[in-house]
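A.B. asks: The structure under discussion is supplied below as structure tokens; questions concerning it will follow.
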Amino acid sequence: LLACLFLAIYGHLLVLRVLFKSFNHWPVGSGLNYHSYTLFIKAIAWVFSAAVLLTLPMVFCMVLVQFCFGLLNRISPSMNLFSLGFPITIVVGLLCIYMTIP
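Counting in the working numbering, the sequence shown runs from 3 upward without gaps.
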């Protein structure tokens, strides 16, 4: 099903276009120079910072949920929060995903 979706949104053409454009930026037989290294490092840094910024709200929500469960477990150790914690964490995670999808 995902392969059909990939083909329906012309993902295969995008992959081929990126592959062909990569030969313009880094031709076969040319060595790595300073410009190639800096371009590669900047691209990797951008991807990493974008990934951190996209996941930061969900990580914050999960840490907050785990902190609340730890606090409740410390306040009343007789409550069995271990079996309750997993489903609530899953529900909060799904709500975070639902709210971040545009």
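Every residue gets a Cβ at the ideal spot worked out from N, C-alpha and C, and that includes glycine.
#1: Excluding five sequence neighbours on each side, which residues of the same chain lie with their C-beta closer than 6 Å to the C-beta of residue 87?
#2: Note the first and the last residue of the continuous alpha helix (DSSP H) segment covering residue 39.
#3: Going along the chain, which residues of its own chain have a beta-carbon closer than 6 Å to the beta-carbon of residue 10, five neighbours each way excluded?
#4: Three Cβ pairs or more, each shorter than 8 Å: is that satisfied between the stretch 88-98 and the stretch 72-79?
#5: Which of helix, strand or coil does DSSP assign to residue 17?
#6: On a CA-only basis, which of 29, 5 and 101 is nearest residue 56? Give me that one, please.
#7: Are the CB atoms of residue 67 and residue 94 nearer to each other than 7 Å?
#8: Please report the Cβ distance between residue 59 and residue 6, rounded to the nearest whole angstrom; I am assuming they are in contact, meaning their Cβ atoms lie under 8 Å.
#9: Just how far apart, CA to CA, sit residue 50 and residue 80?
#10: Residue range of the alpha helix (DSSP H) that residue 89 falls in?
C.D. replies: Put simply:
#1: 71
#2: 36-77
#3: none
#4: no
#5: helix
#6: 101
#7: yes
#8: Contact doesn't hold; Cβ gap of about 31 Å is too wide.
#9: 43 Å
#10: 83-102
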